[in-house]
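Trainee: Provided herewith is a single structure, encoded as structure tokens, for subsequent inquiry.
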Amino acid sequence: MNSLLARYADAIFWMARYMERAEDLARILDVNETFSRDSSGLQDWSHVLHLYAEEEEFKEEHGEITPDKVIRYYVLDRENPGSIRSCIGAARENARSLRPLISTEMWMQLNTFFRQFGTLTDANISEHRLAGLCSWIKLGCQTYHGVTEGTFFRDAGWFFYLIGKNLERADQMTRLIDVKYHLLLPREVEVGSAVDVSQWMAVLRSAAGYHAYRRIHPRGMSAMQVAGFLLLNDQFPRSTRSCIDAVATALDRLGQMGVVAPDNSIRSLAELRADFERQTIKNIVGYGLHEYLDGVQLRLLELAEELGHTFFGYDYPQPGQTQLQESAG
Amino acid sequence: MLIASSQQEFISMANGTRTDLLQNYQPGPYFCEMLGLPDHPATYTEQLRDKLSQIDIATLRARAHDADEELLNLGITFTVYSDRMAIDRILPFDIIPRVISQNDWAKLERGIIQRVTALNLFLKDIYSGQKILKDGVVPAELVLGNENFRKEMIGLELPHGTYININGTDLLRNNDGEFMVLEDNGRCPSGVSYVIENRHLMQRAFSDMLNSIGVRPVSNYGPKLLEALLQVAPPGIDNPQAVLLSAGTYNSAFFEHVFLSREMGIPLVEGRDLVVMDDHVYMKTITGLEPVHVIYRRIDDAFLDPDVYNPDSVLGVAGIVKAYQAGNVTLANAIGTGVADDKAVYAYVPRIIRYYLDEDAILPNVETHICREKQDLGYTLDHLKELVIKPVGESGGYGITVGPKASRKQLADCRAQLKAKPENFISQPMIQLSVSPTLVNGKVEPRHVDLRPYAVTGESTWVLPGGLTRVALPKGSIVVNSSQGGGSKDTWVLE
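Next up, the structure:
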């Protein structure tokens with residue numbers, strides 16, 4: 000296919016985002032399960048709701064926060080568009096519309112994964128089986144990315160896949176850092192205590208970053224160091240910085256193919272990258288970590304919107320309009 | 000019933016572990032695609048029977064199960080939507096193939112090309128001089144009063160005079176083994192993807208079998224179709240862009256649209272991906288609008304253009320009919336082909352063939368009574384209990400009254416409808432469908448089958464060797480439609 004339909008670019012972008020989101024959510028649930036073993040279960044499960052700013056909504060719909068209910072809400076609930084099931088379902092619907100474009104193996108893996116997911120019941124998500132389930136979900140999502148890496152044709156579509164995946168991962172990481180930092184910070188009195196360390200270890204583990212972190216910081220563990228690592232390290236593939244770099248590289252490659260991103264997006268990304276290079280976590284915390292992360296999230300949101308207008312056909316004439324687009328030459 | 004015809008079978012017989020799948024198989028009074036007729040056995044299936052006799056029923060069942068599972072995982076499904084649930088159903092695949100001999104195929108191929116050629120000449124005629132109507136060969140009101148007759152087509156010159164680019168001919172085989180045409184499908188015939196996927200499944204399930212028996216390949220359908228589509232591009236375009244226009248993921252045939260667009264390497268678009276400006280069609284890409292020259296459209300006339308047809312259609316493209324009339328884009332199939340595959344016009348096809356080609360029809364029609372003609376109506380009403388009464392212009396097997404199986408009330412309803420609107424109906428004697436051994440509930444039993452070969456026409460007509468063999472899975476059923484319990488088989492045309 001020589002020229003990518005705008006609708007396909009949109010669908011690829013979102014397919015990648017949804018799969019990434021499902022994986023990130025599985026990581027967060029997994030690590031929270033570890034948390035709740037350590038302290039009072041109730042408190043810790045509300046952390047997840049807090050992360051997605053869904054506490055109020057959840058309480059309205061489901062009443063009291065219990066581990067079972069929260070897990071169900073985030074794993075199986077069809078009504079929750081942010082549940083893992085909904086994410087995988089949405090990724091699959093996008094993949095279905097992308098069947099002409101993606102490899103058969105990509106479709107088959109995702110379709111099979113979704114079908115297997117459909118057989119899960121409440122028994123599968125009980126707390127003591129959650130860790131196993133989350134591993135299975137992570138594996139499914141990672142298999143998806145692996146099959147994609149190994150089979151997806153490297154035309155413009157591939158780069159939209161990379162952009163979608165990395166934008167989502169970057170965004171999810173800022174949320175994880177934000178909420179964990181603020182939740183764990185009040186316990187600064189316990190700095191260095193076993194509880195504090197184990198909780199930060201759990202945060203790192205949820206991002207598959209514990210061992211990577213230890214290679215940079217062989218000894219000790221502080222909230223600031225962990226936040227700095229997850230946000231700014233340029234060798235850790237899930238850090239926000241690495242993800243932003245990957246987005247910029249993909250946009251650059253698209254540009255080389257004549258698929259040119261708007262100046263605004265390119266400038267905004269360049270600024271963000273320059274900032275990441277210059278900043279230390281100490282400065283950022285001094286400035287206000289929450290505000291800083293908010294700013295990053297806002298930029299990512301704007302970027303996605305701009306890409307939509309430029310590439311995904313949001314600006315094309317709708318039925319009934321007949322003026323010629325400039326680009327039609 | 001069969002004698003040992005291979006060493007292995009002989010050994011298993013000698014050991015008393017004979018597992019011949021067909022040993023208890025009784026085809027009844029019908030022509031059997033595997034065995035032929037008692038006095039005229041199908042010697043050409045001998046090799047296949049040999050191979051089958053080496054497989055025990057448990058293996059066959061296991062492989063059939065694997066094939067079903069594969070269909071689901073591959074998403075080779077048609078989708079049924081209810082509530083919020085999208086249910087993916089597979090077209091049940093029967094693992095015992097249907098075989099067509101070299102000779103039978105040669106005749107089928109000639110007959111189909113003849114028929115498609117005549118239908119294209121007929122369409123060209125009725126949308127220009129209407130000579131055949133003036134000569135009284137086909138009643139004018141049958142054509143001009145047909146709801147599928149599209150006045151927008153009058154006077155248009157189509158490349159190579161091809162109206163029906165893709166045609167599916169539904170055939171049956173009577174008790175004597177003679178192939179007869181049951182129906183033409185010249186609008187958006189579907190099912191060809193199953194022909195090719197069934198072969199893939201067969202290759203995976205029984206690679207050993209296919210490799211040793213010379214079966215004509217079906218895998219070049221995509222390139223052949225693309226070639227034909229590009230042949231009918233508007234003249235003077237250097238690198239014509241072809242696309243497949245689909246109604247989208249919610250369409251039950253979406254899998255087929257995906258399949259064909261992939262096989263051809265052309266974009267699969269929906270109406271919302273296209274836009275018409277200055278009577279030219281463009282598709283919306285990431286780098287702007289790009290011209291489109293040939294549209295293999297898999298949506299019906301009525302949804303094609305909200306400006307001309309159904310104004311509520313969101314599937315189509317506003318202005319596309321005007322672009323088509325201006326000759327800037329080719330639609331395949333053309334608009335208005337439905338008049339040629341109408342069940343009432345069907346009855347006249349042998350005469351249409353004679354009229355344009357001065358030849359007898361190579362493939363006969365099933366005897367058909369046209370209820371708009373007084374004599375035929377009288378006959379139909381007198382023999383209602385023996386006949387199959389079909390509404391014209393319907394598809395999918397709905398609205399059919401099967402006389403011998405109908406209740407008193409159904410017959411009375413049918414009679415009333417016939418009297419009220421005789422022109423809406425044709426009647427045919429109970430058709431005889433051949434049977435083919437089929438794996439049902441873990442046993443091999445005869446089930447009725449039909450055959451739909453696909454013909455592709457650009458400058459000339461090419462027929463995909465084989466076609467879709469649909470099988471009616473309920474015992475005794477002759478309704479092969481997938482919507483009503485039909486499955487399919489791999490169809491082998493021998494080399």
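Here the protein sequences line up with chains W and P, keeping their order. Here numbering that gives the first Met the number 0 is used: the first residue of the first sequence is 0, the next is one more, and so on. Here numbering that gives the first Met the number 0 is used: the first residue of the second sequence is 0, the next is one more, and so on. Glycine included, each C-beta is placed from N, C-alpha and C at the ideal position. The structure displayed is predicted, hence computed values, not measured ones.
1) Could you tell me whether any Cβ in chain W is nearer than 8 Å to the Cβ of Leu-73(P)?
2) Determine the contact status of Arg-506(P) and Pro-452(P), defining contact as a CB-CB distance below 8 Å.
3) For Ile-425(P), which three-state DSSP category applies?
4) As a quick exercise: from Ser-459(P), Val-448(P) and Leu-143(P), pick the residue whose alpha carbon is nearest that of Gly-484(P).
5) Mind listing the chain P neighbours of Ala-5(W)? Cutoff is C-beta to C-beta under 7 Å, in chain order.
6) Exposed or buried, what is Ala-204(P) when buried is set at 16 or more other beta-carbons lying within 10 Å of its beta-carbon?
7) Throw me the rounded Cβ distance for the Asp-207(P) and Asn-184(P) pair, which I believe falls under 8 Å.
8) Please report the residue range of the alpha helix (DSSP H) in which Asn-238(P) lies.
9) For Leu-75(W), which three-state DSSP category applies?
10) Return the Cβ separation of Pro-403(P) and Phe-424(P) in integer angstroms, given the expectation that the two are a contact with Cβ distance under 8 Å.
11) Apart from the five residues on each side of it in sequence, which residues of its chain come closer than 6 Å, Cβ to Cβ, to Glu-54(W)?
12) Less than 8 Å between CB atoms is the rule here; does Glu-262(P) satisfy it with respect to chain W?
13) Would you call Tyr-286(W) buried or exposed, if buried means 16 or more other Cβ atoms sit within 10 Å of its Cβ?
14) With a threshold of 8 Å between beta carbons, is Glu-289(P) in contact with chain W?
15) Just to confirm the assignment, what range does the beta strand (DSSP E) spanning His-279(P) have?
16) Please indicate yes or no: does the CB of Asp-177(W) lie closer than 7 Å to some heavy atom of the ligand MN?
17) Would you say Asp-304(P) lies against chain W (beta-carbon separation less than 8 Å)?
18) Check whether chain W comes within 8 Å of Asp-272(P), counting only Cβ atoms and requiring the distance to be less than that.
19) Tell me whether Gln-331(W) is buried or exposed, calling it buried when 16 or more other Cβ atoms sit within 10 Å of its Cβ.
20) Kindly give me the distance between the Cβ atoms of Leu-417(P) and Leu-380(P), rounded to whole angstroms, as I take these residues to be in contact under 8 Å.
21) CA-CA distance, Gly-247(P) and Phe-254(P)?
22) What residues of chain P sit near Gly-257(W), judged by a beta carbon separation below 7 Å?
23) Report the neighbours of Val-257(P) on chain W: residues whose CB is nearer than 7 Å to its CB, in chain order.
24) Just grab the DSSP bridge partners of Phe-92(P) for me.
25) Under the DSSP definition of a beta bridge, which residues are partnered with Ile-165(P)?
26) Enumerate, from N- to C-terminal direction, the unbroken beta strand (DSSP E) stretches of 3 or more residues contained entirely within the stretch 293-380 of chain P.
27) Which whole-angstrom value is the C-beta distance of Met-107(W) and Leu-73(P), which I expect to be below 8 Å?
28) Please determine, among Ala-207(W), Val-178(W), Ala-155(W) and Ala-169(W), the residue with the shortest C-alpha to C-alpha distance to Leu-250(W).
29) One question on the structure: do Met-282(P) and Asp-272(P) come within less than 8 Å of each other, judged by their Cβ atoms?
30) CB-CB under 7 Å to Leu-155(P), same chain, minus the five flanking residues each way: which ones, in chain order?
31) Does the stretch 156-164 of chain P come within contact of the stretch 96-108 of chain P, defined as at least 3 CB pairs closer than 8 Å?
32) In chain order, what residues of the same chain lie with their CB nearer than 8 Å to the CB of Asp-29(W), ignoring the 5 residues before and after it?
33) Could you pull the start and end residues of the alpha helix (DSSP H) that Pro-222(P) belongs to?
34) Work out the CA separation of Ser-433(P) and Gly-176(P) for me, nearest whole Å.
35) Considering only the alpha carbon of each residue, which of Leu-228(P), His-256(P) and Leu-70(P) lies closest to Ala-454(P)?
36) Could you pull the DSSP bridge partners for Ile-388(P) from this structure?
Mentor: To lay it out plainly:
1) Yes, contact with chain W.
2) Nothing can be reported for residue 506(P): it is not among the residues displayed for chain P, which extend from 0 to 494.
3) strand
4) Val-448(P)
5) Taking a Cβ-Cβ cut-off of 7 Å, the neighbours of Ala-5(W) in chain P comprise Lys-283, Thr-284 and Ile-285, given in sequence order.
6) buried
7) Wrong, their Cβ atoms sit about 35 Å apart, outside the cutoff.
8) No alpha helix (DSSP H) contains Asn-238(P), which DSSP labels as neither H nor E.
9) Residue state, collapsed to three classes: coil.
10) The pair is not a contact, with the Cβ atoms about 17 Å apart (cut-off 8 Å).
11) Leu-48
12) Closer than 8 Å: no.
13) exposed
14) yes
15) Its beta strand (DSSP E) spans residues 279-284.
16) Ligands are entirely absent from the displayed structure, and the ligand MN is therefore not among its contents.
17) no
18) yes
19) Lying before the first or after the last residue shown, residue 331(W) is absent from chain W, which here runs from 0 to 328.
20) 6 Å
21) 10 Å
22) Ordered by position in chain P, the residues that pass the 7 Å Cβ test against Gly-257(W) are Thr-286.
23) Arg-98 and Pro-99
24) Under DSSP, Phe-92(P) takes part in a beta bridge, and its partners are Ser-487(P).
25) Per DSSP, Val-455(P).
26) 293-296 and 329-331
27) 6 Å
28) Ala-155(W)
29) yes
30) Tyr-126 and Gln-324
31) Output reads no: the stretch 96-108 of chain P does not touch the stretch 156-164 of chain P.
32) Leu-129, Ala-130, Cys-133, Ser-134, Lys-137 and Ser-205
33) 220-230
34) 7 Å
35) Leu-228(P)
36) The bridge partners DSSP lists for Ile-388(P) are Thr-400(P) and Ser-426(P).
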